[in-house]
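Residue numbering for the sequence shown follows our numbering, starting at 27 and increasing by one per position. The beta-carbon is built from N, C-alpha and C at its ideal position, and this holds for glycine as well.
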Amino acid sequence: MVKLESLKKSNQFRKALKEKKVHTDYFSIFAAKNFFKAKHKSNLLISFVMKKKIGNAVKRNKIKRRLRNIMNEAVKKISIKFNYSYLIIAKSTMLNNNYTNIKEVLFESFKKIK
Numbered sequence: 027m028v029k030l031e032s033l034k035k036s037n038q039f040r041k042a043l044k045e046k047k048v049h050t051d052y053f054s055i056f057a058a059k060n061f062f063k064a065k066h067k068s069n070l071l072i073s074f075v076m077k078k079k080i081g082n083a084v085k086r087n088k089i090k091r092r093l094r095n096i097m098n099e100a101v102k103k104i105s106i107k108f109n110y111s112y113l114i115i116a117k118s119t120m121l122n123n124n125y126t127n128i129k130e131v132l133f134e135s136f137k138k139i140k
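Written as structure tokens, this is what we have:
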């Protein structure tokens, strides 16, 4: 089973922001070759970032839960590169949209990262 492990330090976030980018209406995905070792090889290094502009903590946590759930499905259904570290920055449009729409867009954008 794959476990989602998050980036911890600011230099890891900065490095992830510099390499590959995919922007959509719902979020922006940044990917960088693994510069940081995961605890286990089966772990996926990924962090979800929400701005305070999106809303209160309840709304931001709802988006994070949705994204985590979608990522768990994505690991099973599509080929995600484990030698990359990912950073997903959500936009406020995610709150009012359908779960399946967000899921399809996320799957497509992960296929674009090569």
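Following the DSSP letters along the chain, one finds S73 inside the beta strand (DSSP E) bounded by residues 70-75. Cα atoms of S68 and F133: separation of roughly 20 Å, rounded to the nearest angstrom. Across the structure, N124 and I89 are spaced so that their CA atoms are roughly 12 Å apart.
Between F39 and L113, the C-beta gap is smaller than 8 Å, which places the two residues in contact.
Distance from V48 to L70 at the Cβ level is roughly 17 Å; contact not present, criterion being Cβ atoms closer than 8 Å.
Between the alpha carbons of L121 and K85 lies a distance of about 7 Å. For K59, there is no enclosing alpha helix (DSSP H); the enclosing beta strand (DSSP E) covers residues 53-59. Shown here, K137 sits in a helix according to DSSP, grouped into three states. Between A57 and K44, the C-beta spacing is not below 8 Å.
With contacts defined as CB atoms closer than 8 Å, Y52 and K140 fail to qualify as a contacting pair.
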